[in-house]
Structures are given as structure tokens and as C-alpha cells.
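Encoded as C-alpha cells, the structure appears first; notes follow it.
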Amino acid sequence: MARVRTGVRAVSAVLAAVLGATLAGCSSTGGKRAEERAAKAAQGRAAVDTPRWTFAMVTHSGDGDNFWDIVQKGAKQAAVKDNINFLYAHDAEGNKQAQSVQAMIDQKVDGLIVTLAKPDAMKDVVAKATKAGIPVITVNSGSDKSKEFGALTHIGQDEVIAGEAVGEQLNKRGKKKAVCVLHEQGNVGHEQRCEGVKKTFKGDVQNLYVEGTNMPGVQSSIEAKLQSDKDIDAVVTLGAPFAPTAVKAADQAGSKAEVDTFDLNAAVAEELQKGTLGFAVDQDPYLQGYEAVDLLWLYHYNRDMLGGGRPVLTGPQIVTKDDARTLAEYAKRGTR
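All residue numbers for the sequence shown refer to my numbering, where the first residue is 50 and numbers rise by one.
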């Protein structure tokens, strides 16, 4: 359970730093004021008296993706604490995502948080933001392009490292042949995850491309793959919503292949507890949203930036049946 403790410490440390900076020079009453401000934040009121800056987050999420609901929850809670007006937009198509970023630039927001799942589509518009003097932080995807594009830092997991962790876990479980299911074509982060698996897994890895917006199609594609190759003993999905579908596909195919997944949600936590999933790789989306807003606030307030411009990692954490019971409580409330 080290990952849970780490996440809590990270959030607590940032909050402590925020309160400490705000109360500098008030040592005699600092403790009392810190308590008062923490209480305000808990009641949905700002814990600081800095200007009400506007920060915008623009992601590559499609509609109805629970992962991004968790990211937003973290961002919104940090925004309340930091007296931030928080805006959110998303589009799975790279060009449309870039248009949304341009719209935020036109609104003259005070800070931008963007994903770089499709970096070629985002490069020019991120450059426009930085040229306009808008600080940019990248989250979730694009750690290898973040600094090049002019962002202050990147918050998330390194996708290759996360994939390598999966390959190592498959080795420990004695797996020999795996299929890596990519549900969004053109997403460089997904390619990097499967690349990482191949780097460390001692067995054979095959990529299977599916259309993530068509879940029945996803199931039939995985099912057909398992029926055609009985040697596959592991299926790795790249998003939590696809894990239960892969379990159904394996069952329908009569395959004993273990299903493992990137990302965590309430359904995955439940499947882990039941033993129908082997393990999950959690990148802590709540922390990605929370820290992105908090770091932009710290940059405006005190020109602080964690990591010296290097990526701030929120994962990976391998979550197994032993961990799932505790994490299920957090997943149900929408923060893991």
C-alpha cells in the first residue's frame, strides 16, 4: 500500500507548502490561521486570498470517460482551495483539441493544462500559448514532448516505464505470450505502453488494434484473437473500461488467459477482488489533476515549479488483489 501513502503525502505536502507560504511572517498566529483556512477549503471555500486566476484544462478525452472524471475531480478540488476559476474542455480528435486550446488562449486564461496524446496536432497551439505569456503544464501524455513544446513541466506517469513494469509483472506470473490491446489509434502514449511491455517481457507480445468507441466490437476482436491463438496466456488492456470487456471475451473464447489492465476504477477494483483480473497499473489520475492546478497556482504566486522542469511522476503502481480492497473505497468515491 506504499502508493496510497505516497499520494496522500504528496497532496498533504503541497497543501502544507501553500499554507506555509501564505502565512509567512505570521508565526504567532500561523497555526490558528492555518486551521481556519483548512476549514474553509473543506467547506468549499478558498484557503488562500490570492487573485482569482482562471486556469483551463484541455484533454484528448472522449465522451463519458470515467478516467477524466477523476482527473477533473482532483483539479476542481485544488481549484477551490486555490481560489481558481477552473475551465475544462476535451476532444478525442487532435485538431479539435487544438481548437479548444486556441479558444482558451483567446479568452486570455492565466494558465493552461493540456494533454499531448497527439503531439503533432498540439505543437503549434501550445507554442501560441507560451508566446502569449500563458504558462502551460502538460499532464497524462506527452512527457517526452512537454519540455520541447515549452511547457513548465509534465505531470503523469512515463508510459514506457509503466509498460516495462507490466512486462516485469507478467514475467513474475510466468506468462509466455501476451496481446496488448490498443483502443485509440494515433495515441502515442498507448504505443509507448505496449513498447514498454515488449522491452521487459521475456515472452512474445502482439499488438491488437481495436475501435475503442465500439465496445461490442472490442469484445469480438479480442475473442477472435484468443480463439485463433490458444497460446495467448495474457491480455493487457490500456484502459480500465476495457478490462471487464476483455474478461468477457476470454470467457466466451474459452480461454484461460489472464486479463490485466492499465488504470483503475471501481469496476476494476471489484474485478481484482474477485480474482477475475490479475493486476492493474494505476497512474493516479486524481493526483494529475490536483497537482497540475496546484503547481500553476504556485507558479503564479511564488514562481515555484517542482522537479526543475523534469516530469513529476504519479505512477506506475502495480495494484493486485491484496491492494484492491482498500483502493476500492477510494475508487467508489471517484478519487482513484
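Glycine included, each C-beta is placed from N, C-alpha and C at the ideal position.
Three-way DSSP call (helix, strand, coil) for residue i in this model
i    : result
E213 : helix
E197 : coil
H349 : helix
N1   : The first residue shown for the chain is 50 and the last is 385, placing residue 1 beyond what the model contains.
A127 : helix
I389 : The shown model of the chain, from 50 to 385, leaves out residue 389, and the question about it has no answer.
Q332 : coil
A166 : coil
M402 : One cannot answer for residue 402 here, as it falls past the ends of the chain, which runs 50 to 385.
S77  : Bear in mind that the predicted position of S77 carries a pLDDT of just 44, short of 50, making it unreliable; the figure below should be weighed with that in mind. If DSSP states are grouped into helix, strand and coil, S77 belongs with coil.
V246 : helix
L321 : helix
G266 : helix
I119 : helix
Cut-off 6 Å between Cβ atoms - residues of its own chain near residue i, not counting five sequence neighbours on either side
i    : result
T78  : Interpretation of T78 is limited by its pLDDT of 47, a score under 50 that renders its predicted location unreliable; no figure is taken from the coordinates.
P184 : G160, L201, Y348
T71  : Note on T71: pLDDT 39, under 50, position unreliable in the model; the coordinate value appears next. Taken in chain order, the residues that qualify are V97.
Any non-hydrogen atom of the ligand PLP closer than 6 Å to residue i Cβ
i    : result
K381 : You won't find the ligand PLP in this model; it holds no ligand whatsoever.
Other residues of its chain near residue i: CB distance less than 7 Å, five sequence neighbours each side excluded
i    : result
A275 : The sequence shown places Leu at residue 275, rather than the Ala named in the question. Cβ within range, chain order: I281, A298, A299, A302, S304, A306.
A124 : M106, F135, G338, Y339, A341, V342
Proximity to residue i [Cα-Cα], best of the options
i    : options                : result
D140 : K224, Q206, E233       : E233
N314 : T384, S269, K172, V259 : T384
T99  : V259, A138, N132       : N132
Q366 : K196, P265, A211, G252 : A211
P265 : P290, N351, Q255       : P290
Sheet register partners of residue i (DSSP bridge)
i    : result
L376 : Per DSSP, none; premise fails for L376.
E307 : A283
V361 : I204
Q255 : V228
Q454 : Any property of residue 454 remains undetermined from this structure, which presents the chain solely from 50 to 385.
Y137 : M106
Close-in-space but distant-in-sequence residues of the same chain around residue i (CB under 8 Å, 5 per side omitted)
i    : result
R382 : none
K324 : Here the sequence assigns Gly to residue 324, which means Lys is not the residue at that position. Closer than 8 Å at the Cβ level, and outside the excluded window around G324, lie K370.
Does the region 363-380 touch the region 236-249, meaning 3 or more C-beta pairs lie closer than 8 Å?
In short, these stretches do not touch, since the Cβ pair count stays below three.
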